[in-house]
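Quick note: the sequence shown uses our numbering, first residue 2, plus one each step. Cβ coordinates follow ideal geometry from the N, Cα and C atoms, glycine included. Keep in mind the model is a prediction, meaning the values are calculated, not measured. Working notes, beginning with the structure itself.
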Amino acid sequence: MEEKSHLLPYARREDFKVGRATELSGKDRRLYRFLEILPGVASWTTLIGVILMSIYLPFVAAYFVIAFAIFWVLKTAFLSYHLRYNWKRMKHHMKIDWGLMIERFEYDHMYQMVILPFYQEPEVVVEASIKALSEVKYDSKNIIVVLAAEERAGESAQTIARNVKDRWGNKFASFLITTHPANVPGEMAGKGSNATYAAEQARKIILDPHGIRYNHTLVSIFDIDTVIYPDYFNCLICGIL
């Protein structure tokens with residue numbers, strides 16, 4: 002039986018990894034399938050319904066269109082307000098010396114694990130992300146890098162991963178290359194499945210053998226073209242501790 006003691010309670014459920022209705026049976030399958038098709042049905046019903054109402058119930062259609070337009074005006078205003086508010090908030094936070102902010106904490110035991118799933122991106126993109134990681138304002142010996150390749154990407158992805166590790170691997174506490182298998186039964190291939198596989202491999206190969214506690218490890222999953230903000234980890238520590 003697969004060991005699940007390290008997972009949170011909700012992740013230990015047998016249906017936690019269900020990705021589509023075909024992986025269920027009975028009432029659960031019917032309910033899941035209904036929820037799958039509901040967004041599409043709602044969209045098509047709205048579009049077709051407006052056309053039919055404009056023919057048979059024009060006044061109702063007019064009221065609906067007006068209400069819909071008002072809804073989107075209010076929604077746009079709401080989004081614009083919060084966009085501006087958070088832009089100003091971000092500018093304020095970028096001026097903070099986060100290294101100074103976390104001096105009052107004991108955080109030498111905290112590891113930062115960065116998972117970077119990639120597929121067919123060029124080596125220059127991958128290397129730019131790793132280079133930015135090596136320049137953050139955080140002890141690089143407490144940073145674990147997991148470069149998560151896809152088997153479907155072929156040998157070229159493996160070559161890129163090895164080249165990057167050869168150049169930058171000694172800059173971090175650990176530098177792990179994982180290869181997410183292709184055509185896993187019942188799995189939807191993509192960034193999420195790749196990152197999940199990489200995290201599990203990191204647990205088995207790095208955390209457990211080195212006695213690194215799970216609650217002393219902060220995991221960040223970035224796009225492969227992410228150029229990390231230098232104070233990101235300090236800010237993260239401040240928010241956690």
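Close Cβ partners of residue i (< 8 Å) along its chain, the five nearest in sequence each way excluded
i: S251; result: Given a span of 2 to 242 for the chain in the structure shown, any question on residue 251 remains unanswerable.
i: H94; result: C236
CB of residue i within 8 Å of CB of residue j, strictly
i: E198; j: L208; result: In the sequence under discussion, the amino acid at residue 198 is Tyr, which differs from the Glu named in the question. No. Outside cutoff.
i: A133; j: V220; result: no
i: K192; j: F176; result: no
i: I97; j: V127; result: no
i: A154; j: Y120; result: yes
i: I145; j: A200; result: no
i: Y86; j: I238; result: no
i: E124; j: N164; result: yes
Per-residue DSSP class, three states only, for residue i
i: T77; result: helix
i: I229; result: coil
i: I222; result: strand
i: V125; result: helix
i: A149; result: strand
i: Y86; result: helix
i: I131; result: helix
i: V115; result: strand
i: M58; result: It should be pointed out that residue 58 corresponds to Leu in this sequence rather than to Met. Coil, per DSSP.
i: I178; result: strand
Euclidean distance between Cα positions of residue i and residue j
i: H110; j: L36; result: 44 Å
i: L39; j: W45; result: 10 Å
i: W88; j: N195; result: 32 Å
i: D226; j: Y233; result: 16 Å
i: L148; j: Y139; result: 19 Å
i: C236; j: G50; result: 49 Å
i: R90; j: G240; result: 15 Å
i: G20; j: Y33; result: 10 Å
i: F223; j: A62; result: 45 Å
i: H181; j: I103; result: 36 Å
i: E151; j: S157; result: 10 Å
i: F106; j: P231; result: 19 Å
i: L58; j: L75; result: 26 Å
i: R30; j: G187; result: 15 Å
i: G27; j: A190; result: 25 Å
i: S81; j: F72; result: 14 Å
Any chain B beta carbon closer than 8 Å to residue i
i: Y82; result: Note that chain B does not occur in the displayed structure, where there is just one protein chain.
Own chain, CB closer than 7 Å to residue i, minus 5 neighbours either side, in chain order
i: H217; result: H110, M111, Y112
i: M2; result: With a pLDDT of 47 at M2, under the threshold of 50, the modelled position of that residue is not reliable, and no figure is offered here.
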